[in-house]
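The structure appears right after this line, and notes come after that.
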Amino acid sequence: MLKNKLLKFSRRIFEPLGLALTNGSHFTDDAALKRCKERGMIINSVIDVGASDGRWSDLCMEHFPNAQYLLVEAQAAHESSLIKYKKANKNVEYVICAAGNNDGEIYFNDDALLSGVASDKPFEGRKQTKVPMFKIDTLIKNYNLKPPFLIKLDTHGFEVPIIEGSSEALQDTNLFIVETYNFRISEKALKYFEMCIYMEKLGFSTADIVGLLSREFDKALWQMDMFFVKSCDKIFEYKNYN
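Going by the numbering used here, the letters in the sequence shown line up with residues 5 to 246, in that order.
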């Protein structure tokens, strides 16, 4: 979160002088969230799935400071950081669980602190824990979250089951952010263009693509964050460039 704190400090200095400051690029989550806010997007609740220690929510709060935040994280190793983050922000709640398409339990591979993934089946030869799992629709009711929603997924290939468990929430979601991949990283994972097709069928279209990352192995395109908004959003009414 240190990077976000430095960004906040820099903004307080430069923005009163009329100097725009983002994370060094037009194609960052920070810049894309800023564009959403400038277009007049209303967000009352943020559901951050795969929240880790709260770093993404901390960035999002720069643009939607008055929203309620629910940070969903399956790895208990992050709980101490989440407790601190909740104490520092009255509009934050957190829950240690996975998100999915039903309420129950699921296997979670947690051998890496920032790259865990859920699975219906046990992992072969990998460290894993059985963790509680809830639908996003259930979590919204449990924590009395008010629409319209921003839902963000950083879930390493387990996106489809989570979206299936969000059918009610999607009706009142103004922004859906998904970390997507250029490779089929798991059995249920959709590649980035397949995610676009999947979300189109649910009534959402792509408004931004940011955070492009190349993999270390061969520098091939690895992942990106896709910002989906309702296909009926006003931004799609204007079809020109200028």
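Just so you know, even glycine gets a beta-carbon here, dropped at the ideal spot from N, CA and C.
Distance, residue j Cα to residue i Cα
{"i": "Thr-210", "j": "Asn-93", "result": "31 angstroms"}
{"i": "Asn-70", "j": "Val-50", "result": "10 angstroms"}
{"i": "Ser-235", "j": "Phe-208", "result": "5 angstroms"}
{"i": "Ala-224", "j": "Arg-188", "result": "14 angstroms"}
{"i": "Phe-231", "j": "Tyr-98", "result": "23 angstroms"}
{"i": "Ser-123", "j": "Ile-181", "result": "21 angstroms"}
{"i": "Asn-27", "j": "Asp-34", "result": "Only weak support is given to the placement of Asn-27: the predicted model assigns it a pLDDT of 45, under 50, and the value that follows is read from those uncertain coordinates. Going by the C-alpha atoms only, they are around 7 angstroms apart."}
{"i": "Arg-39", "j": "Pro-151", "result": "20 angstroms"}
{"i": "Phe-247", "j": "Glu-128", "result": "Within the shown structure, residues of the chain are numbered from 5 to 246, placing residue 247 beyond reach of any answer."}
{"i": "Ser-171", "j": "Asp-141", "result": "7 angstroms"}
{"i": "Val-121", "j": "Lys-238", "result": "35 angstroms"}
{"i": "Ala-107", "j": "Tyr-147", "result": "Before going on, a small fix: residue 107 reads as Asp here, not Ala. So the alpha carbons of these two residues sit roughly 15 angstroms apart."}
{"i": "Arg-43", "j": "Thr-32", "result": "17 angstroms"}
For residue i, the three-state DSSP class (helix, strand or coil)
{"i": "Thr-26", "result": "Any answer about Thr-26 is weak, because its pLDDT of 47 lies below 50 and its placement is not dependable; what the coordinates show is given next. Coil, per DSSP."}
{"i": "Met-203", "result": "helix"}
{"i": "Ala-55", "result": "coil"}
{"i": "Leu-217", "result": "strand"}
{"i": "Phe-127", "result": "coil"}
{"i": "Thr-142", "result": "helix"}
{"i": "Ile-46", "result": "coil"}
Nearest residue (CA-CA) to residue i, options the options
{"i": "Pro-165", "options": "Lys-223, Ile-110, Ile-239", "result": "Ile-110"}
{"i": "Phe-162", "options": "Glu-172, Glu-191, Asn-186", "result": "Glu-191"}
{"i": "Lys-131", "options": "Asp-141, Met-137, Phe-197, Asn-113", "result": "Asn-113"}
{"i": "Lys-195", "options": "Thr-177, Glu-83, Lys-139, Asp-229", "result": "Asp-229"}
{"i": "Val-76", "options": "Lys-41, Gly-44, Asn-95, Lys-156", "result": "Lys-156"}
{"i": "His-160", "options": "Leu-37, Gly-54, Ile-47", "result": "Gly-54"}
{"i": "Gln-72", "options": "Leu-149, Asn-244, Arg-219", "result": "Leu-149"}
{"i": "Thr-133", "options": "Ala-78, Asn-186, Lys-91", "result": "Ala-78"}
{"i": "Val-96", "options": "Gly-104, Ser-85, Ala-103, Asn-105", "result": "Ser-85"}
Opening and closing residue of the alpha helix (DSSP H) in which residue i lies
{"i": "Pro-165", "result": "163-168"}
{"i": "Asp-34", "result": "33-42"}
Run of the beta strand (DSSP E) containing residue i, from where it starts to where it stops
{"i": "Lys-134", "result": "133-138"}
{"i": "Asp-229", "result": "225-234"}
{"i": "Leu-157", "result": "153-157"}
{"i": "Asn-106", "result": "Run containing Asn-106: none; DSSP gives neither H nor E here."}
Any non-hydrogen atom of the ligand HEM within 7 angstroms of residue i CB
{"i": "Glu-42", "result": "No copy of the ligand HEM appears in this structure; indeed no ligand is present at all."}
**OP:** Counting only runs of 3+ residues fully inside the segment 63-103, write out the beta strand (DSSP E) ranges in chain order.
**Re:** 72-77, 96-100
Subject >> Continuous beta strand (DSSP E) assignments of at least 3 residues falling wholly in the segment 165-201 >> reply: 177-185
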